[in-house]
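521 is the number of the first residue of the sequence shown in full-length UniProt numbering; add one for each residue after it.
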Amino acid sequence: RAKADGRGTYRFFETGMDARAQARRLLEMDLRAALQRDEFEAYYQPIRDVASGHVVAFEALLRWNHPQRGLIAPINFIPLAEETGLIVQLGEFVLRTACTDAATWPADIDVAVNLSPVQFRSPNLIASVTAALAASGLEAHRLELEITESVLLQNSEATLTTLHELRGMGVRISLDDFGTGYSSLSYLRSFPFDKIKIDRSFVSELATREDSMAIIRAVTGLGRSLGIVTTAEGVENDAQLELLRREGCTQAQGYLFSKPRPASDVALMLERPRLRASA
Ligand code: C2E
Ligand code: MG
Ligand code: MG
Ligand code: MG
């Protein structure tokens, strides 16, 4: 395989590159090939309105159907895709796919797409969002882009310009994994986010830790005061859902309703209140 890449030939094995670096190199080649071979797939996880129980959106979550290794979760390839810049192409794939799929869903169901900080800083971002919407015919207001606090850490002037540009197109912006980064409150003042996604770590400890409960209460209260939708991530049981309902959290997402599943299962997930299947 080292030879196939045409650059280093066998020198790559001779320079004493350690096993980890070698594995990384192989994974990188594998990633490039996988893009060509169409091995990536968008899975979808429903997001429900807590008060009505209705599905209001699906979050697109990337999966790699590896011919030998089977289904690979994003944690195992997104970091390297970010380091190598391949995330830009991968991200464009997810955007295109998610918009195309969502255009076939009922008009009141939205789609959420995760943006990597690397993708966010890429000069192609606005053009690729525009292209994905145009090609699919999806109305811009049905697309939510999820960014994490790490996007806001750097280059705030350029970041805000991009966020306002996206907003100007009618796209909605969510702050993902809220509570896990830094100075979250100042971010809420720097840009008018449409949605805050409360990180799973707070939800999983809801029943056992009073401080988690207090944080959820504070964030949902903040959302209410600022007119920002709050979504709890990682809801796994009825007790958590009940506490979230009591605190007035707007939306919930988690294994309680469904794990992420292939696009072909979206109709099923819309039909049934709960689906805990194995996928
Ligand atoms: P995220 O955006 O915070 O997505 C939520 C993650 O929590 C997903 O993991 C989802 O499967 C998982 N999850 C949902 N409900 C539950 C639950 O009840 N219990 C537990 N234990 N987990 C739950 P997944 O699909 O492995 O994705 C992990 C992360 O990878 C995502 O976190 C996101 O940061 C990133 N990611 C996924 N797809 C993409 C993508 O297309 N582009 C980019 N840039 N990042 C992506
Ligand atoms: Mg997300
Ligand atoms: Mg999240
Ligand atoms: Mg998370």
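No residue lacks a Cβ here, since even glycine has one placed at the ideal position from N, Cα and C.
Beta-carbon proximity list for residue i, same chain, < 7 angstroms, skipping 5 on both sides
i: R720; result: E753 and G754
i: H574; result: R568
i: F613; result: F560
i: G611; result: L635, S636 and Q639
6 angstroms CB neighbourhood of residue i in its chain, flanking five on each side removed
i: D697; result: T668 and D719
i: L746; result: none
i: N634; result: E666
i: E602; result: S636 and V638
Supposed close pair residue i, residue j - CB separation, criterion 8 angstroms
i: A618; j: V631; result: 5 angstroms
i: I607; j: Q639; result: 6 angstroms
i: S656; j: A623; result: 4 angstroms
i: T750; j: T740; result: 5 angstroms
i: R692; j: K715; result: 7 angstroms
i: G743; j: T770; result: 7 angstroms
i: V570; j: L776; result: Actually they are not in contact, since the Cβ atoms of V570 and L776 sit about 11 angstroms apart, beyond 8 angstroms.
Which of helix, strand or coil DSSP assigns to residue i
i: N757; result: coil
i: A524; result: Annotation note: pLDDT 48 at A524 (below 50); position unreliable, coordinate value reported separately. It is helical.
i: L788; result: helix
i: E685; result: helix
i: E596; result: Looking at the sequence provided, one finds Asn at residue 596 rather than Glu. Here N596 sits in helix by DSSP.
i: Y563; result: strand
i: A543; result: helix
i: E602; result: helix
i: F578; result: strand
i: T620; result: helix
i: D630; result: strand
i: G743; result: helix
i: P637; result: helix
i: Q556; result: helix
i: K779; result: coil
i: S706; result: helix
i: V749; result: strand
i: Q609; result: helix
i: E659; result: coil
i: E664; result: strand
i: S670; result: helix
Sub-7 angstroms separation of residue i and residue j beta-carbons
i: Y563; j: L551; result: no
i: E664; j: S694; result: yes
i: A772; j: A727; result: no
i: V671; j: P712; result: no
i: P566; j: M733; result: no
i: E767; j: I748; result: no
i: L547; j: L600; result: yes
i: A783; j: D621; result: yes
i: I595; j: H586; result: no
i: A652; j: R687; result: no
i: E756; j: G774; result: yes
Residues near residue i in its chain [Cβ-Cβ closer than 8 angstroms; skip 5 each side]
i: E685; result: I646
Can you pull every residue whose C-beta falls closer than 6 angstroms to some heavy atom of ligand 2, listed in chain order?
-> E579, N634, E666 and D696
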